[in-house]
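For the sequence shown, the UniProt record's numbering begins at 1 and goes up steadily by one.
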Amino acid sequence: SESDPNIQKGEIYEEIGRQLRDEANAPDASGKKLSAFKRFWRSVKRAFKEACKAFVKTGKEAFIREIQVEFEEEIGKVKKAFEMYSLDEETTYQQLMLEFADTMELIGAKYIAKGMNQMA
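Below, the structure written as structure tokens:
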């Protein structure tokens, strides 16, 4: 049985959150000033690619494209909020990563709940 696409999306978002949390908790991340915002977004995009690889089996290019579009939209919304964080000199790279990981996991949980309801 094919699992609900919302559940798959949710798992991808949760995986992104997990990867960013791991990166934020890496020994070299703590105390780092947010020198480059670009570096943060590179990490986010890399986590997204890895999460897709981890969850979506071959022959799912259409699904990947669809979630990529959605992800870019979510990122767009979140990015505006995060530009505000970056203006705060006290914000570290690590805080930003953890904050964003929470957001990704929240989005993931919403998708999974939606998928569960549709399967019920």
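Virtual Cβ for every residue (Gly too), placed ideally from N, Cα, C.
The residue among Val-44, Glu-61, Ile-67, Met-116 with its C-alpha nearest the C-alpha of Asp-102 is Val-44. The beta-carbon distance between Gly-17 and Gly-76, rounded to whole angstroms, is 18 Å. This is too long to meet the 8 Å contact definition.
C-alpha of Cys-52 to C-alpha of Tyr-13: approximately 9 Å in a straight line. If you draw a straight line from the Cα of Gln-19 to the Cα of Gly-115, it comes to about 23 Å. Residue environment analysis places Ala-113 among the exposed positions, since fewer than 16 neighbouring C-beta atoms fall within 10 angstroms of its C-beta. Rounded to whole angstroms, the separation of the alpha carbons of Phe-40 and Met-97 is 7 Å. Rounded to whole angstroms, the Cβ separation of Phe-48 and Phe-71 is 6 Å, and the two are in contact under 8 Å. Here Asp-102 carries a helix assignment [DSSP, helix/strand/coil]. Counting the other Cβ atoms within 10 Å of the Cβ of Gln-68 gives fewer than 16, which makes it exposed.
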